[in-house]
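Worksheet: the structure to be examined is printed underneath.
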Amino acid sequence: MSNKRKFRIGPYLFILPAFLVSFTFIIIPLIISLTYSFTDYNLISKNFIGLGNYKKLFTDIAFKRALVNTLKYTFFVVGINAILGLVVATFLNEKWLRGSKIFRTIIYTPYTVSIVAASMIWLYLYDPNGLLNVIMSALGLKQQLWLDNPNMAMGCLIVVAIWQGMGYCMVMYLAGYQSIPSYLYEAARIDGASKIQMFFKISIPMLAPTTYLTLIMTIMSSFQVFGQVYNMTGGGPAYRTTTLVHQIYMQAFVGWKMGYASTISVVLLVISMTITLLLFRYGNRDGGAEVDQ
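Positions in the sequence shown are counted from 1; adding 22 to them yields the working numbering.
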């Protein structure tokens, strides 16, 4: 009986450290944040106001703009990075290409650069007297106020995110290519299939699990974007680049509205969980194991 009891307790002892860390730094803060979302907590006083903060979201222009900006940013960054990562990985996976390791290193390097350093690099490029405007002037084109133009500022941040994140998607797809059996391509080649046909009939179906994982990781990362916004635009001009995480920071550490900031964080959590659950439900149903005949 004693041995049987030890056998049952043993596995739980192994996962106990991980559980304690998760409980301390994830579960407890989540519960506290959810509790604060029903109050007007401002570090000095805390009064229960029910759904007052959630009602305020519907009239808060900054929150509405942040929500739209976050969705727009995520849509373009995730979509473009996934497509470019797949295309570049397909090209660099070819055996005939010389110097592929050098190209892989060059493309992946921006992903290793810190957000602050990347922001400083692109701030120089986007500066009114920076390199981009020098090139525009040399080509006889009109110089631009890249980050001060409400119609261009978000696009500039998206370009930075693509430059920095595409290497990650490329590496993911290169790893996915290593799991595809070579005999599939050999059989298709014998049957007279072209490179394009093999790409659409073999590569894409077999890379479905990789695509699924890449989408989850990049979507979660995009929803949490903050560094580029804080360092490059401060959420401006006219809230055109503010995001949900940026608004959480502004409400909590600039306006000292901890309760309202918690409300926005709860909304962000719900949106992130919804998208993740949808991907779990519909994103990998076939497991990528089937190849079109």
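For each residue, glycine too, the CB sits at the ideal point set by N, CA and C.
Q. Grouping DSSP H, G and I as helix and E and B as strand, with all else coil, what is Phe1?
A. Examination of residue 1 is not possible in this model, given that the chain is present from 23 through 315 alone.
Q | Per DSSP, the bridge partner or partners of Phe70 | A | By one-based count along the sequence shown, residue 70 stands at place 48. In the DSSP assignment, Phe70 is bridged to Thr61.
Q) In whole angstroms, what separates the C-alpha of Thr112 from that of Lys94? A) Along the sequence shown, one-based indexing puts residue 112 at 90. Along the sequence shown, one-based indexing puts residue 94 at 72. Their Cα atoms are separated by approximately 27 angstroms.
Q | With 16 other Cβ atoms within 10 Å as the buried cut-off, status of Val43 | A | For the purposes of this step, residue 43 is taken as the residue at position 21 of the sequence shown. Around the C-beta of Val43, fewer than 16 other C-beta atoms lie within 10 Å, and the residue is accordingly described as exposed.
Q) Taking Trp168 as the reference, which of Pro259, Gly198, Ala84 and Thr134 has the closest Cα? A) On the sequence shown, residue 168 is found 146 positions in, with the first residue counted as 1. Closest option to Trp168, Cα to Cα, is Pro259.
Q: Output the boundary residues of the alpha helix (DSSP H) element that contains Gly189.
A: Looking up residue 189 in the sequence shown gives position 167. Run containing Gly189: Ala175 to Gln200, per the alpha helix (DSSP H) assignment.
(Q) Can you list, in chain order, the residues of its chain with a C-beta nearer than 8 angstroms to that of Val138? Leave out the 5 residues immediately preceding and following it. (A) Stepping through the sequence shown from its first residue, residue 138 is reached at position 116. Cβ neighbours of Val138 within its own chain (closer than 8 angstroms, five residues either side excluded): Gly249 and Asn253.
Q) Out of curiosity, what's the CA-to-CA distance linking Gln166 and Pro172? A) Reading the sequence shown from its first residue, position 144 is the one you call residue 166. Reading the sequence shown from its first residue, position 150 is the one you call residue 172. Approximately 12 angstroms, taken between the alpha carbons.
Q) Heavy atom of the ligand NAD less than 6 angstroms from the Cβ of Phe125, yes or no? A) Among the components modelled here there is no ligand, and therefore nothing to report on the ligand NAD.
Q | For Leu56, the nearest candidate out of Ser67, Ile66, Leu73 and Phe98 (CA to CA) | A | Taking the first residue of the sequence shown as 1, we reach residue 56 at position 34. For Leu56, the nearest C-alpha among the options comes from Leu73.
Q: Using three-state DSSP, classify Gly281 as helix, strand or coil.
A: On the sequence shown, residue 281 is found 259 positions in, with the first residue counted as 1. Looking at Gly281 - three-state DSSP - the assignment turns out to be helix.
Q. So Met158 is in the alpha helix (DSSP H); what residue range does that whole segment cover?
A. The residue labelled residue 158 in the question sits at position 136 within the sequence shown. Under the DSSP assignment, Met158 falls in the alpha helix (DSSP H) whose first and last residues are Leu153 to Ala160.
Q: Please confirm whether Gly198 and Tyr133 have their CB atoms less than 7 angstroms apart.
A: Within the sequence shown, residue 198 is the residue found at index 176, counting from 1. Within the sequence shown, residue 133 is the residue found at index 111, counting from 1. Taking 7 angstroms as the cut-off, the Cβ atoms of Gly198 and Tyr133 do not count as close.
(Q) For Lys86, report the span of its alpha helix (DSSP H) as first-last. (A) For the purposes of this step, residue 86 is taken as residue 64 along the sequence shown, with counting starting at 1. For Lys86, the uninterrupted alpha helix (DSSP H) run begins and ends at Ile83 to Leu114, by DSSP.
Q | Residue range of the unbroken alpha helix (DSSP H) whose run includes Trp144 | A | Your numbering for residue 144 matches position 122 in the sequence shown. Where Trp144 is concerned, the enclosing alpha helix (DSSP H) stretches over Ile137 to Tyr148.
Q.
Could you compute how far the alpha carbon of Tyr34 sits from the alpha carbon of Val193?
A. Within the sequence shown, residue 34 is the residue found at index 12, counting from 1. Within the sequence shown, residue 193 is the residue found at index 171, counting from 1. For Tyr34 and Val193, the distance between alpha carbons rounds to 35 angstroms.
Q. Could you give the distance in angstroms between the alpha-carbon of Lys77 and the alpha-carbon of Phe60?
A. Sequence index remark: in the sequence shown, residue 77 carries index 55 (1-based). Sequence index remark: in the sequence shown, residue 60 carries index 38 (1-based). Their Cα atoms are separated by approximately 11 angstroms.
Q | Where the alpha helix (DSSP H) containing Arg126 begins and where it ends | A | In the sequence shown, counting from the first residue as 1, residue 126 sits at position 104. For Arg126, the enclosing alpha helix (DSSP H) stretches over residues Ser122 to Thr134.
Q) With a Cβ-Cβ cutoff of 7 angstroms, do Leu290 and Ala88 count as a contact? A) Within the sequence shown, residue 290 is the residue found at index 268, counting from 1. Within the sequence shown, residue 88 is the residue found at index 66, counting from 1. For Leu290 and Ala88, no; Cβs fall outside 7 angstroms.
Q: Apply the 10 Å Cβ neighbour rule to Ile124 and answer buried if 16 or more other Cβ atoms are within range, or exposed otherwise.
A: On the sequence shown, position 102 is the one that residue 124 refers to. Exposed, by the Cβ-count rule.
Q. For Asn151, does the count of other Cβ atoms within 10 angstroms reach 16, so buried, or fall short, so exposed?
A. Walking along the sequence shown from the start, residue 151 turns up at place 129. Its Cβ having fewer than 16 others within 10 Å, Asn151 is exposed.
Q. How would you write the range of the alpha helix (DSSP H) that Tyr271 sits in, first residue to last?
A. By 1-based counting over the sequence shown, the position of residue 271 is 249. Tyr271 -> alpha helix (DSSP H) spans Leu266 to Tyr271.
Q: Grab me the residues of Met239's own chain with a C-beta within less than 7 angstroms of its C-beta, minus the 5 sequence neighbours each way, in chain order.
A: Position 217 of the sequence shown, counting from 1, holds the residue named residue 239. Within the same chain, Met239 has no close Cβ partners at all.
(Q) Ile286 and Ile297 - do their beta-carbons sit closer together than 7 angstroms? (A) As a working note, residue 297 is residue 275 in the sequence shown. As a working note, residue 286 is residue 264 in the sequence shown. No, these two residues do not count as a Cβ contact at 7 angstroms.
Q. Anyone know if the C-beta pair for Thr255 and Ala175 falls short of 7 angstroms?
A. As a working note, residue 255 is residue 233 in the sequence shown. As a working note, residue 175 is residue 153 in the sequence shown. Yes, Cβ-Cβ distance for Thr255 and Ala175 is below 7 angstroms.
Q: Let me know if Thr81 comes out buried or exposed under the rule of 16 or more other beta-carbons within 10 Å of its beta-carbon.
A: Translated into the one-based positions of the sequence shown, residue 81 becomes position 59. By the Cβ-count criterion, Thr81 is exposed, with fewer than 16 other Cβ atoms from all chains shown falling within 10 Å of its own Cβ.
Q) What's the C-alpha gap between Gln246 and Thr264? A) The residue given as residue 246 occupies position 224 in the sequence shown. The residue given as residue 264 occupies position 242 in the sequence shown. Gln246 and Thr264: Cα-Cα distance of roughly 12 angstroms.
Q. When you compare each of Ala274, Thr233 and Ser243 to Tyr304 by their alpha carbons, which one comes out closest?
A. Here residue 304 refers to the residue found at position 282 when the sequence shown is read from its first residue. Taking only the C-alpha atoms, the option nearest Tyr304 is Thr233.
Q: State the start and end residues of the unbroken alpha helix (DSSP H) segment that holds Lys117.
A: As a first step, residue 117 must be located in the sequence shown, where it is residue number 95. Neither: Lys117 is in no alpha helix (DSSP H) and is coded neither H nor E.
Q: Sort Lys86, Leu106, Ile128 and Tyr282 by Cα distance to Asn69 and report the nearest one.
A: Within the sequence shown, the letter at position 47 stands for residue 69. When only C-alpha atoms are compared, the closest one is Tyr282.
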